[in-house]
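Data first, discussion second: the structure below is written as structure tokens.
In the working numbering, the protein residues as written are 45 to 146.
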């Protein structure tokens, strides 16, 4: 399975590089659950989370923001240096948090 709720599986079953994935929006990522690389693409009609006031967010791969959790007990392990964990401004439930530039 893809490691976050923003992505879904894409063909083929396994990959070595993102160019191996049939969908041009898919990326080849390592699945810890499956112990192999799989193709994952954005969910159809997904709205990607955004930082407040135009602050930049680092991305993983082509497009995915780095998700974080305010309940993580290891503060330095959540976001890269120079970023902080904030609620997304365009996701109504307020439960989705992403790393945003300080």
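The C-beta atom is built at its ideal place from N, Cα and C for all residues, glycine as well.
Computed from a prediction, not measured in an experiment: that's the story for all the values here.
7 Å CB neighbourhood of residue i in its chain, flanking five on each side removed
i: residue 72; result: 59, 60, 61, 62, 64, 65, 81, 83
i: residue 48; result: 111
i: residue 146; result: 126, 127, 128
i: residue 106; result: 71
Distance CB(residue i)-CB(residue j) smaller than 8 Å
i: residue 96; j: residue 144; result: yes
i: residue 51; j: residue 86; result: yes
i: residue 124; j: residue 93; result: no
Residue i - DSSP class collapsed to helix/strand/coil
i: residue 47; result: coil
i: residue 133; result: coil
i: residue 145; result: strand
i: residue 128; result: strand
In the stretch 59-125, which residue ranges form an unbroken beta strand (DSSP E) of at least 3 residues, counting only runs that do not cross its ends? 71-75, 80-86
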